[in-house]
Amino acid sequence: MADTSPGTPRAPGTGEERGSADFAALVAEAAAAPVEGWDFSWLAGRATEERPSWGYSRLIADRLARAESALDIDTGGGEVLGEAPVLPARTAATESWPPNLARAAARLRPRGAAVVATGEGAPLPFADSAFDLVVSRHPVATDWAEVARVLRPGGTYLSQQVGPASVFELTEFFLGPQPPEVRARRNPDAARAAAVAAGLEVVDLRMERLRMRFHDIGAVVYFLRKVVWIVPGFDPAAHRDRLRELHERIRAQGPFTAHSTRFLIEARKPR
Numbered sequence: 001m002a003d004t005s006p007g008t009p010r011a012p013g014t015g016e017e018r019g020s021a022d023f024a025a026l027v028a029e030a031a032a033a034p035v036e037g038w039d040f041s042w043l044a045g046r047a048t049e050e051r052p053s054w055g056y057s058r059l060i061a062d063r064l065a066r067a068e069s070a071l072d073i074d075t076g077g078g079e080v081l082g083e084a085p086v087l088p089a090r091t092a093a094t095e096s097w098p099p100n101l102a103r104a105a106a107r108l109r110p111r112g113a114a115v116v117a118t119g120e121g122a123p124l125p126f127a128d129s130a131f132d133l134v135v136s137r138h139p140v141a142t143d144w145a146e147v148a149r150v151l152r153p154g155g156t157y158l159s160q161q162v163g164p165a166s167v168f169e170l171t172e173f174f175l176g177p178q179p180p181e182v183r184a185r186r187n188p189d190a191a192r193a194a195a196v197a198a199g200l201e202v203v204d205l206r207m208e209r210l211r212m213r214f215h216d217i218g219a220v221v222y223f224l225r226k227v228v229w230i231v232p233g234f235d236p237a238a239h240r241d242r243l244r245e246l247h248e249r250i251r252a253q254g255p256f257t258a259h260s261t262r263f264l265i266e267a268r269k270p271r
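The sequence shown begins at 1 in full-length UniProt numbering and counts up by one.
So this is what it looks like as structure tokens:
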């Protein structure tokens, strides 16, 4: 999704103009759009999201330029790793979803990176102490024992992760109020404890809450199709009544506002 720093221009033909467009046409357009990979450019001018202040892509680009070997876990379509100007001589990436795997291979293999298919929750297919840098942006789940195993002594794990109750304004609009234990999932303090239990030293841990704005119902449909854990089981047909209600709300009140949470965690394997 687009950056929302002050002064970001809006694309023509969006906002109020899209808000007055036909509901069925907006939903149909978004339902037909491809959602493979982690490129959110389809949402340009239709939705915005603030970015964390630490600049994850910039951070890992700097680390990759200084690393001898690196692994990107849950690479998606290889978008973030592919943005780095320099990759280590030994670079690998893992992905479990076949459509993303194909995109990652096309993007990263020409740059000399190995792209490896993995099963969700399966051990990493690499030797002990194989990498001095492991990175991951928005992993499905972090297997801290496996991260510790593949890191060399003195190696670093650097990850940006989804925090607790992220985009819950949308979750609860469609699913109703969520219990406290659901809202507390993906807590950064729990990540710290798991990292320490795996034998790693946490050297940085930060969290930020970031504003998101959806300017039309098509943006909501596309986002929920792509980020499937926000409303599990989301289907434009099954949720049509709630979508129409939200469409009318956006037309009457303006963009729907939600908040994502992100945390940065850096952990080091002792020498």
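Each residue gets a CB set at the ideal place from its N, CA and C atoms; glycine is no exception.
> Looking at C-alpha atoms only, which residue of K226, V134 and A190 is the closest neighbour of A148?
Replying inline: Against the sequence shown, residue 148 aligns to sequence position 148. The residue among K226, V134 and A190 with its C-alpha nearest the C-alpha of A148 is V134.
> Does the beta-carbon of E95 have 16 or more other beta-carbons within 10 angstroms, so that it is buried, or is it exposed?
Replying inline: Position 95 of the sequence shown holds residue 95. Answer is buried; the Cβ neighbour count reaches 16.
> In its own chain, which residues sit with a C-beta less than 7 Å from the C-beta of L108, not counting the 5 before and 5 after it?
Replying inline: Translated into positions along the sequence shown, residue 108 becomes position 108. The residues are G78, L81, G82, A93 and V115.
> Starting from S159 and walking both ways along the beta strand (DSSP E), at which residues does that stretch end?
Replying inline: Indexing the sequence shown from 1 puts residue 159 at position 159. For S159, the enclosing beta strand (DSSP E) has its first and last residue at L151 to V162.
>> As a quick exercise: from G112, A67, I250 and P123, pick the residue whose alpha carbon is nearest that of F131.
In response: Position 131 of the sequence shown, counted from the first residue, corresponds to residue 131. It is A67.
>> I need the DSSP call for D132, collapsed to helix, strand or coil.
In response: Position 132 of the sequence shown, counted from the start, is the residue given in the question as residue 132. D132 falls in the strand class under three-state DSSP.
> Helix, strand or coil: how does DSSP classify I73 here?
Replying inline: Looking up residue 73 in the sequence shown gives position 73. Three-state result, I73: coil.
> Looking at L64 and I217, is the spacing between their C-beta atoms short of 8 Å?
Replying inline: Your numbering for residue 217 matches position 217 in the sequence shown. Your numbering for residue 64 matches position 64 in the sequence shown. Not closer than 8 Å, so no.
> Do you know how far the Cα of R249 is from the Cα of R268?
Replying inline: Here the question's residue 268 lines up with position 268 in the sequence shown. Here the question's residue 249 lines up with position 249 in the sequence shown. Answer to the nearest angstrom: the Cα atoms are 47 Å apart.
> According to DSSP, is T142 helix, strand or coil?
Replying inline: Here residue 142 corresponds to residue number 142 of the sequence shown, with the count starting at 1. Coil, per DSSP.
> Tell me the DSSP bridge mates of E266?
Replying inline: Taking the sequence shown and counting its residues from 1, one reaches residue 266 at position 266. BP columns for E266 point to L158 and D204.
> G155 to G254, Cα distance in whole Å?
Replying inline: Taking the first residue of the sequence shown as position 1, residue 155 is located at position 155. Taking the first residue of the sequence shown as position 1, residue 254 is located at position 254. Straight-line Cα distance between these residues: approximately 47 Å.
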